[in-house]
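Peer 1:
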Amino acid sequence: MPEETAPTAPESTETPKAQPAVTTIAEIGKHEGQSVILRGWLYNSRESGKLLFPIFRDGTGTIQGVAHVKSVPAEVFEALKGLTQESSVIVTGKVRADKRAPGGYELDVENIEVVQRVPESAPYPITLKEHGVDFLMEHRHLWIRTPRQSAILRIRAEIMRATAEFFDTGGFIRTDPPILTPAACEGTSTLFPVDYFGDQAFLTQSGQLYAEATALALGKVYSFGPTFRAEKSKTRRHLTEFWMVEPEAAYMDLNGLLELAENCLAHIVQSVLKNRAPELAAIGRDITKLEPVKAPFPRLRYDEAVEMLNQAYKDGKLENPFEYGNDFGSPDETWLSSQFDRPVMVHRYPADVKAFYMEPDPEDPRYALCVDVLAPEGYGEVIGGSQRVSSYELLSERIDHHKLPREAFEWYLDLRRYGSVPHSGFGMGIERVVSWVCGLDHVRETIPFARTLHRIYP
Ligand code: 4AD
Ligand code: MG
């Protein structure tokens, strides 16, 4: 059979012009000297007669563009001139290295397509001048576009990624507890009630009790999800909705738990240093404060911590004396944690101030086998955990003593009826960790949309 040859297109005399690549500001260094396409927004712009300096952002960073009236087509110059803040744009330009530029590169604008122009009559509400925090929180859906806020959210994502990595690679199985629960875990005063088809239910305060059940099924587990506290406190550390990671391990004692906590925090901080250095620089974080965060962490008994607080009060460094037997207040935690260059682990609090499920120390049952990990620079408690009561009789007694509804805890008591073992776990508040790692004044900036005592909008 004669071979058929496909008809060929006539040879083009022109060499086809390569289409500029679509890229991001974070990746722009790979395209030095080339034309690229960026898809984003106009963050800000400066104009001086024939020269325009638009600053673009695309979610991965910001870059300054340059457009001279003589170097761009007239319609491009016109589209850019007077373009309003936060208008969405697709911009083509040539990447030029510039040592003075914050990201190391500038963009010589060649073309621009305005996707949506913010009208002059209703300009973007967040200008580059200072705004009060209430105004910014009211416009949180827009505030997160600013470079500082988006850097914080990127660091938060890295903290969550590194946390999951730590447990996933450490043999922990992720088991997610329910959000709707029939009873309290951390005290009845901070429960959010929910009407559950005519019955009273609550938003979960902690997945711990369920993590204990899954740990006895699977060995080492963790949960990672939102938790809720109807906290009436208006401090810079409290949210009503926050994310908690809760590891729980069968046959783990308090010592094992302390090692787990320090290794977890060290892994998180070292991961952020490694993977989010530009963001830490963008928010002006002093990383010499984070670099020492490596295991082992200092350990203090509650009694030793109290001695330190008493001495600090005598030396005039604390306003109020500390009353033995109390839980630490914010100023106490702040002072204690500022004494160390890495988190400090305070263990063995008096059992009376701690939760019903904590195992008493067999060496002195007035103390609980528990730990609070306090972050340095005055950030205070980021982790709380304990060994759990393993005896059926003691747990049963504690449930009655704390006036907890027995029926709701029968399943939890089953964990002590059938193959009870020593086991331990902790809860780590993600927002507290983000606040510390980023060096922020308040947890409200650590989560995309904070829920606090007086805010549930936007
Ligand atoms: O110390 P907490 O209350 O411990 C528990 O809930 C245990 N059941 C956890 C466990 O052992 N599985 O909370 C644990 C952590 C705190 O150390 C803190 O980091 C964070 O959760 N946290 C909050 N974060 C933001 N806003 C609040 N209102 C918080 N309450 C606790
Ligand atoms: Mg606590």
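Numbered according to the numbering used here, the sequence shown spans residues 1 to 458. Even for Gly, the Cβ is constructed at its ideal location relative to N, Cα and C. Here the structure is a predicted model, which is why all the values come from computation and not from measurement.
Does the beta-carbon distance from GLU69 to ASP108 come in below 8 Å?
Peer 2: Note that residue 69 corresponds to Val in the displayed sequence, not to Glu. Taking 8 Å as the Cβ cut-off, VAL69 and ASP108 do not qualify as a contacting pair.
Peer 1: Less than 8 Å between the beta carbons of GLY61 and ILE37, yes or no?
Peer 2: no
Peer 1: Comparing the CB of ASP332 with every heavy atom of ligand 2, is any distance shorter than 7 Å?
Peer 2: no
Peer 1: Curious, which full-length beta strand (DSSP E) runs of at least 3 residues does the stretch 323-358 contain?
Peer 2: For the stretch 323-358, whole beta strand (DSSP E) runs of length 3 or above, ordered along the chain, are 344-347.
Peer 1: Compute the Euclidean distance between the alpha carbons of THR461 and ASP168, then round it to the nearest angstrom.
Peer 2: An answer regarding residue 461 cannot be provided, because it is not within the stretch 1 to 458 covered by the chain.
Peer 1: Report whether the distance from the Cβ of ILE383 to the nearest heavy atom of ligand 1 is below 7 Å.
Peer 2: yes
Peer 1: Per DSSP, HIS423 is paired with what?
Peer 2: Beta-bridge pairing links HIS423 to ALA250.
Peer 1: Determine the contact status of GLN387 and SER420, defining contact as a CB-CB distance below 8 Å.
Peer 2: no
Peer 1: Sort TRP41, VAL22, ASN44 and SER45 by Cα distance to GLN34 and report the nearest one.
Peer 2: VAL22
Peer 1: Considering only DSSP beta bridges, list what GLN200 is partnered with.
Peer 2: ASP195
Peer 1: Does the pairing of the stretch 240-254 with the stretch 219-229 give three or more beta-carbon distances under 8 Å?
Peer 2: At 8 Å Cβ cutoff, the stretches touch.
Peer 1: Would you list the residues sitting across from LEU42 in a DSSP beta bridge?
Peer 2: PHE56
Peer 1: From VAL89 to LEU42, what distance separates their C-alpha atoms?
Peer 2: 7 Å
Peer 1: For PRO343, does the count of other Cβ atoms within 10 angstroms reach 16, so buried, or fall short, so exposed?
Peer 2: buried
Peer 1: Kindly give me the distance between the Cβ atoms of ARG444 and MET137, rounded to whole angstroms, as I take these residues to be in contact under 8 Å.
Peer 2: 7 Å
Peer 1: Can you tell me the Cα-Cα spacing of PRO182 and LEU80, whole angstroms?
Peer 2: 58 Å
Peer 1: Name, in chain order, the residues that DSSP records as bridge partners for LEU180.
Peer 2: LEU203.
Peer 1: For CYS185, which three-state DSSP category applies?
Peer 2: DSSP places CYS185 in the coil class of the three-state scheme, outside both helix and strand.
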